[in-house]
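Please read the structure below before turning to the comments.
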Amino acid sequence: MRHIISVLMENEPGALSRVVGLFSQRNYNIDSLTVAPTEDQSLSRLTLTTSGDDRRIEQITKHLNKLVDVVKLVDLTEGAHIERELMLIKVKAVGAQRTEVKRATDIFRGQIVDLTNNVFSIQLTGTSDKLDAFIAALGESVVLEVARTGVSGISRGEKVLAL
Amino acid sequence: MDQLSGGEALIRALHDEGVDIIFGYPGGAVLHIYDAIFNQDKVEHILVRHEQAATHAADGYARGTGKPGVVLVTSGPGATNAITGIATAYMDSIPMVVISGQVESRMIGSDGFQETDMVGVSRPVVKHSFMVQNPADIPMVVKKAFHIATTGRPGPVVIDIPKDITDPKIKFDYEYPREIKMRSYAIPDKGHSGQIKKAVDALMTAKRPMIYTGGGVIQGNGSELLAKLVRKLGFPITNTLMGLGAYPASDQQFLGMLGMHGTYEANMAMHYCDVLLAIGVRFDDRVTNSDVTKFCPDATILHVDIDPASISKTVAADVPIVGSVTSVLKEALAQIQSSNQKVDENSLKVWWDQINQWREKDSLHVTHCEDGTIKPQQVIQTVHEITKGDAFVSSDVGQHQMFAAQYYGFDKPRRWINSGGLGTMGFGFPAAMGVQLAFPDAISVCITGEGSFQMNLQELATCMQYQLPIKIICLNNQALGMVKQWQDMQYGGRHSHSTYAESLPDFKKLAESYGHVGIKIGKVSELHSKLTEAFALKDKLVFVDVMVDPEEHVYPMAIKGGAMKDMILSKSERT
Chain Y
19 MRHIISVLME
29 NEPGALSRVV
39 GLFSQRNYNI
49 DSLTVAPTED
59 QSLSRLTLTT
69 SGDDRRIEQI
79 TKHLNKLVDV
89 VKLVDLTEGA
99 HIERELMLIK
109 VKAVGAQRTE
119 VKRATDIFRG
129 QIVDLTNNVF
139 SIQLTGTSDK
149 LDAFIAALGE
159 SVVLEVARTG
169 VSGISRGEKV
179 LAL
Chain A
178 MDQLSGGEAL
188 IRALHDEGVD
198 IIFGYPGGAV
208 LHIYDAIFNQ
218 DKVEHILVRH
228 EQAATHAADG
238 YARGTGKPGV
248 VLVTSGPGAT
258 NAITGIATAY
268 MDSIPMVVIS
278 GQVESRMIGS
288 DGFQETDMVG
298 VSRPVVKHSF
308 MVQNPADIPM
318 VVKKAFHIAT
328 TGRPGPVVID
338 IPKDITDPKI
348 KFDYEYPREI
358 KMRSYAIPDK
368 GHSGQIKKAV
378 DALMTAKRPM
388 IYTGGGVIQG
398 NGSELLAKLV
408 RKLGFPITNT
418 LMGLGAYPAS
428 DQQFLGMLGM
438 HGTYEANMAM
448 HYCDVLLAIG
458 VRFDDRVTNS
468 DVTKFCPDAT
478 ILHVDIDPAS
488 ISKTVAADVP
498 IVGSVTSVLK
508 EALAQIQSSN
518 QKVDENSLKV
528 WWDQINQWRE
538 KDSLHVTHCE
548 DGTIKPQQVI
558 QTVHEITKGD
568 AFVSSDVGQH
578 QMFAAQYYGF
588 DKPRRWINSG
598 GLGTMGFGFP
608 AAMGVQLAFP
618 DAISVCITGE
628 GSFQMNLQEL
638 ATCMQYQLPI
648 KIICLNNQAL
658 GMVKQWQDMQ
668 YGGRHSHSTY
678 AESLPDFKKL
688 AESYGHVGIK
698 IGKVSELHSK
708 LTEAFALKDK
718 LVFVDVMVDP
728 EEHVYPMAIK
738 GGAMKDMILS
748 KSERT
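For the protein sequence lines, the chains are Y and A, in the order given. When you read off a place in the first sequence, starting at 1, and then add 18, the result is the number in our numbering. When you read off a place in the second sequence, starting at 1, and then add 177, the result is the number in our numbering.
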């Protein structure tokens with residue numbers, strides 16, 4: 019099963035490499051990874067998606083917690099949560115394609131953020147499934163370039179991941 | 178407040194941390210630090226002959242004393258040479274602080290002379306690491322490093338220090354922090370009372386109980402409490418390779434070591450037990466055998482460990498208890514004391530009858546050779562007799578290690594010093610140096626083989642320099658014995674690159690060339706007298722080269738893919 023794990027860690031040099039190294043060292047996979055400092059500059063928030071059965075996920079969270087740079091973590095998929103991924107996608111847009119792509123972008127509530135005579139650059143936010151669906155709707159033949167941020171997430175309601 | 182340079186501050190901080198001895202090797206990036214060492218006499222520095230030996234010596238010191246071992250090496254090759262020793266300590270959870278020099282801060286990343294990304298290279302084998310950014314950070318970094326290395330599940334910590342950070346011209350106000358608080362590092366404290374209650378209930382209703390303890394009991398200084406609990410319950414107990422000495426081997430309730438080369442009775446009792454109390458162990462594959470689905474099929478597993486990640490890692494625990502061994506044992510004993518529960522004496526008697534039947538198999542029986550050839554087991558038995566079972570025994574890795582573990586019979590913790598997890602050949606001799614330096618008046622024995630010994634023999638020079646009277650007992654079978662045994666058993670006797678009899682040195686002469694004493698023993702008739710002679714030379718390092726039966730195998734041996742009850746008992750007998 020897919021899990022989204024959010025980690026608060028010390029904003030120290032090498033902290034990220036310890037997390038990434040742990041995954042390769044113990045043969046766990048990372049499907050996506052996103053990291054940036056939080057409102058407290060001494061902390062970074064790292065969100066990763068991984069998959070595995072319950073025992074594997076338990077080991078992953080235990081080993082992450084063991085890393086000295088990791089302050090706190092939560093498996094967002096254990097409860098109700100909001101997840102988002104941002105995608106910038108460059109697609110071919112010539113002639114009749116232009117209205118078609120524009121319409122699809124509107125349906126998916128994306129925004130065209132840059133254009134030339136031949137190309138649209140579109141920004142789209144949503145769950146990873148939604149971004150996948152948008153790419154599928156456009157068709158591979160028009161897609162020129164895709165840049166995705168990986169999943170970020172937060173739990174629903176009043177629960178917070180903070181110190 | 179003293180004005181100190183980074184180099185001076187480092188050595189002062191080590192002293193303030195209670196360090197009196199460090200093991201190291203100088204080089205360009207640590208010259209400022211070595212100058213600071215020269216100008217003081219509080220911290221003694223032991224000059225080894227190879228950085229790997231520095232880490233093993235510090236490791237031996239740590240295992241023997243329970244205090245952290247400290248290592249100082251230069252950048253680049255100095256640092257990379259230390260890696261094997263760091264990994265060895267990591268696998269066995271040994272507290273160690275390794276200080277490595279680094280090129281100047283401005284040079285980092287430029288592929289400078291003797292530059293290695295030590296923090297990167299060591300990352301998978303350290304508990305944590307630091308790169309010092311500012312001289313004034315040194316006291317705090319040292320404090321944190323020792324705190325992390327010695328608390329919770331111990332382990333090695335690396336402090337990488339660029340050369341400019343120790344520059345004698347840059348001084349700052351030195352103050353050693355008294356306390357440390359790290360928001361990201363919490364130490365598991367006491368075990369959960371409710372969980373301990375569950376475990377106690379399971380023990381009290383057990384019909385075929387078994388206690389299985391490991392290195393965690395030794396590292397956590399829990400041996401006395403363990404003995405109390407075991408005696409109170411009257412249950413059988415086995416120790417892992419790492420846990421030998423945690424419970425007295427000479428006690429009737431001790432079934433010997435378990436696992437790949439464990440005793441018949443220990444492995445059988447493991448397999449057939451209905452409640453397994455596992456303390457400070459990690460269900461290593463050398464214990465469980467390769468297929469964990471066949472492991473202890475009937476047992477309710479109670480697992481005590483300070484590291485939550487060790488619990489249910491390979492074998493799922495029915496009652497997990499995260500906490501220090503001493504806190505959990507104390508509370509378990511208190512709960513047993515205060516409750517009216519009694520163990521099931523009738524079932525226990527039937528269980529002991531069964532175990533005693535298994536014992537009759539005498540799986541460690543040694544068959545003597547009629548032609549006077551020495552069996553390696555006889556050497557260990559004789560060393561045990563001469564040292565009255567009270568020596569510190571370091572070992573290398575291979576057959577001799579297993580023979581030492583099976584036949585020495587450790588009655589005290591911290592007396593058996595070996596590389597269990599990583600299995601590092603070359604570990605034993607430098608580890609014995611660390612032990613001897615920690616306990617100058619004790620007998621420090623290194624049980625080795627002619628293969629392992631050649632991996633760190635340069636330390637004969639260190640032993641001469643510091644007059645370390647180690648007794649090196651080399652079980653010389655003229656081959657990489659354990660490799661050869663596997664080749665005998667699984668590769669049709671094809672001894673691919675495991676023999677080298679024609680190129681072995683004359684170890685007696687080798688020892689003598691360093692100024693030590695060398696003794697060679699070839700016949701069983703002279704074994705006792707010559708070993709006695711060796712141990713009588715109290716002030717000398719003695720290398721005893723014992724020619725042993727090259728055909729001997731280590732038994733019992735677990736059958737690959739089987740359960741713990743599946744063992745090869747001799748060249749002709751299986752379970």
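Backbone N, C-alpha and C define an ideal beta-carbon position, used for all residues, glycine too.
Nearest-angstrom Cα separation, counted from G598 of chain A out to G677 of chain A: Taking the first residue of the second sequence as 1, we reach residue 677 of chain A at position 500. Taking the first residue of the second sequence as 1, we reach residue 598 of chain A at position 421. According to the sequence shown, residue 677 of chain A is Tyr rather than Gly. Answer to the nearest angstrom: the Cα atoms are 27 Å apart.
So is Q43 of chain Y in contact with chain A if we call contact Cβ pairs under 8 Å? Your numbering for residue 43 of chain Y matches position 25 in the first sequence. Yes - at least one Cβ of chain A is within 8 Å of the one on Q43 of chain Y.
Can you name the residues of chain A whose CB is closer than 9 Å to the CB of S35 of chain Y? The residue labelled residue 35 of chain Y in the question sits at position 17 within the first sequence. Ordered by position in chain A, the residues that pass the 9 Å Cβ test against S35 of chain Y are V296, G297, R300.
Taking Cβ positions only, does S489 of chain A come closer than 8 Å to chain Y? As a working note, residue 489 of chain A is residue 312 in the second sequence. The beta carbon of S489 of chain A sits closer than 8 Å to some beta carbon of chain Y.
Report yes or no: is there a C-beta of chain A within less than 8 Å of the C-beta of K120 of chain Y? As a first step, residue 120 of chain Y must be located in the first sequence, where it is residue number 102. Among the residues facing chain A, K120 of chain Y is not included, as its CB has no counterpart in that chain under 8 Å away.
Throw me the rounded Cβ distance for the V719 of chain A and V694 of chain A pair, which I believe falls under 8 Å. As a first step, residue 719 of chain A must be located in the second sequence, where it is residue number 542. As a first step, residue 694 of chain A must be located in the second sequence, where it is residue number 517. With 8 Å as the limit, V719 of chain A and V694 of chain A qualify as a contact, their Cβ atoms being about 5 Å apart.
Can you look up K348 of chain A in the DSSP assignment and give me helix, strand or coil? As a working note, residue 348 of chain A is residue 171 in the second sequence. Strand.
Kindly say whether Q59 of chain Y, judged by its beta-carbon, lies nearer than 8 Å to any beta-carbon of chain A. For the purposes of this step, residue 59 of chain Y is taken as residue 41 along the first sequence, with counting starting at 1. It does not: the Cβ of Q59 of chain Y has no partner Cβ on chain A nearer than 8 Å.
Name, going along the chain, the residues of the stretch 77-90 of chain Y whose beta-carbon falls closer than 7 Å to a beta-carbon of chain A. So the list reads Q77, K80, H81, K84, V86, D87, V88, V89, given in the order they occur along the chain.
From the DSSP secondary-structure annotation, give me the bridge partner or partners of R651 of chain A. The residue labelled residue 651 of chain A in the question sits at position 474 within the second sequence. The sequence given here has Cys at residue 651 of chain A, not Arg. C651 of chain A is bridged to A:T625, A:D722.
Does any C-beta atom of chain Y lie closer than 8 Å to the C-beta of G732 of chain A? For the purposes of this step, residue 732 of chain A is identified with residue 555 of the second sequence, where counting begins at 1. Inspection of the sequence shows that residue 732 of chain A is occupied by Tyr rather than by Gly. With 8 Å as the cut-off, Y732 of chain A does not count as an interface residue toward chain Y.
Check for me: the beta strand (DSSP E) holding T52 of chain Y runs from which residue to which? Here residue 52 of chain Y is taken as the residue at index 34 of the first sequence, counted from 1. Taken as a continuous stretch (DSSP letters only), the beta strand (DSSP E) holding T52 of chain Y covers 50-55.
Beta-carbon of Y267 of chain A versus every beta-carbon of chain Y: anything under 8 Å? As a first step, residue 267 of chain A must be located in the second sequence, where it is residue number 90. Among the CB atoms of chain Y, none fall inside 8 Å of the CB of Y267 of chain A.
S621 of chain A and F684 of chain A closer than 8 Å at C-beta: For this step, residue 621 of chain A is matched to residue 444 along the second sequence. For this step, residue 684 of chain A is matched to residue 507 along the second sequence. Taking 8 Å as the Cβ cut-off, S621 of chain A and F684 of chain A do not qualify as a contacting pair.
Proximal chain Y residues relative to A486 of chain A, where beta-carbon distance stays under 7 Å: Within the second sequence, residue 486 of chain A is the residue found at index 309, counting from 1. Taking a Cβ-Cβ threshold of 7 Å, the residues of chain Y close to A486 of chain A are Q77, K80, H81, K84, in chain order.
When DSSP labels each residue in this structure, what does V178 of chain Y get in the three-state scheme? For the purposes of this step, residue 178 of chain Y is identified with residue 160 of the first sequence, where counting begins at 1. Note: V178 of chain Y maps to coil in three-state DSSP.
Excluding the five sequence neighbours on either side, which residues of its own chain have a C-beta within less than 7 Å of the C-beta of I513 of chain A, listed in chain order? Translated into the one-based positions of the second sequence, residue 513 of chain A becomes position 336. Excluding positions up to five away in sequence, the list reads V377, K409.
Quick one: is I325 of chain A near chain Y, going by C-beta distance under 8 Å? Against the second sequence, residue 325 of chain A aligns to sequence position 148. Interface residue (Cβ-Cβ distance to chain Y less than 8 Å): I325 of chain A is classified as such.
Looking at P733 of chain A and Y441 of chain A, is the spacing between their C-beta atoms short of 8 Å? The residue labelled residue 441 of chain A in the question sits at position 264 within the second sequence. The residue labelled residue 733 of chain A in the question sits at position 556 within the second sequence. Contact annotation: Y441 of chain A and P733 of chain A have beta-carbon atoms nearer than 8 Å.
Tell me whether the beta-carbon of S182 of chain A lies closer than 8 Å to the beta-carbon of P316 of chain A. The residue you call residue 182 of chain A lines up with position 5 of the second sequence. The residue you call residue 316 of chain A lines up with position 139 of the second sequence. Result no, Cβ atoms of S182 of chain A and P316 of chain A do not sit closer than 8 Å.
Smallest Cα separation from I532 of chain A: which of A:D743, A:P386, A:I650? Locating residue 532 of chain A in the second sequence gives position 355, counting from the first residue. Cα-wise, what sits closest to I532 of chain A is A:P386.
If we cut at 8 Å on Cβ distances, does R73 of chain Y have a partner in chain A? Taking the first sequence and counting its residues from 1, the one referred to as residue 73 of chain Y is at position 55. It does; some Cβ of chain A falls within 8 Å.
Any beta carbon of chain Y sitting closer than 8 Å to that of Y584 of chain A? The residue you call residue 584 of chain A lines up with position 407 of the second sequence. Interface residue (Cβ-Cβ distance to chain Y less than 8 Å): Y584 of chain A is not classified as such.
Count the other CB atoms, across all protein chains shown, that sit within 10 Å of the CB of V164 of chain Y; report buried if there are 16 or more and exposed otherwise. Within the first sequence, the letter at position 146 stands for residue 164 of chain Y. With fewer than 16 other Cβ atoms within 10 Å, it is exposed.
Selection from A:N216, A:I736, A:D193 that minimises the alpha carbon distance to T465 of chain A: By one-based count along the second sequence, residue 465 of chain A stands at place 288. Answer by Cα proximity: A:I736.
Is the CB-CB distance between V274 of chain A and A213 of chain A below 8 Å? To locate residue 274 of chain A, count along the second sequence from 1; it is residue 97. To locate residue 213 of chain A, count along the second sequence from 1; it is residue 36. No, they are not a contact pair.
Chain-ordered chain A contacts of G39 of chain Y [CB-CB under 8 Å]: Here residue 39 of chain Y refers to the residue found at position 21 of the first sequence. Residues of chain A with a Cβ closer than 8 Å to the Cβ of G39 of chain Y are, in chain order, R300, P301.
On a Cα-Cα basis, can you pick out the residue from A:H480, A:G436, A:H448 that is closest to L454 of chain A? Mapped onto the second sequence, residue 454 of chain A falls at position 277. For L454 of chain A, the nearest C-alpha among the options comes from A:H480.
With 16 as the cutoff for other CB atoms within 10 Å, does V112 of chain Y come out buried or exposed? Start at 1 with the first residue of the first sequence, and residue 112 of chain Y comes out as number 94. Burial is judged here by how many other beta carbons sit within 10 angstroms of a residue's own beta carbon; V112 of chain Y has fewer than 16 and is exposed.
Counting Cβ pairs, one atom from each stretch, are 3 or more of them under 8 Å apart for the stretch 654-664 of chain A and the stretch 570-578 of chain A? Three or more beta-carbon pairs separated by less than 8 Å link the stretch 654-664 of chain A to the stretch 570-578 of chain A, which places the two stretches in contact.
Please work out which residues of its chain come closer than 6 Å, Cβ to Cβ, to H672 of chain A, disregarding the five sequence neighbours upstream and downstream, and give them in chain order. On the second sequence, position 495 is the one that residue 672 of chain A refers to. Around H672 of chain A: K661, Q664.
Start and end residues, alpha helix (DSSP H) containing A711 of chain A: Counting from 1 along the second sequence, the entry for residue 711 of chain A is found at position 534. It spans 704-713 - the alpha helix (DSSP H) in which A711 of chain A sits, taken as one unbroken run.
Run down chain A in chain order and give the residues with a C-beta less than 9 Å from the C-beta of P31 of chain Y. Locating residue 31 of chain Y in the first sequence gives position 13, counting from the first residue. Under the 9 Å cutoff, chain A gives V296, M308, Q310.
Taking its Cβ as the centre, do 16 or more other Cβ atoms sit within 10 Å of A235 of chain A, making it buried, or is it exposed? Here residue 235 of chain A refers to the residue found at position 58 when the second sequence is read from its first residue. A235 of chain A is buried by the Cβ-count criterion.
Quick one: residues in its chain with C-beta nearer than 6 Å to the C-beta of K697 of chain A, no 5 flanking neighbours on either side, listed in chain order? Here residue 697 of chain A corresponds to residue number 520 of the second sequence, with the count starting at 1. Result list for K697 of chain A: K685, D722, in chain order.
Which listed residue (A:G255, A:E401, A:D341, A:T328) has its alpha carbon closest to that of M284 of chain A: As a first step, residue 284 of chain A is located in the second sequence; it is residue number 107 there, counting from the start. When each option's Cα is compared against that of M284 of chain A, the closest is A:D341.
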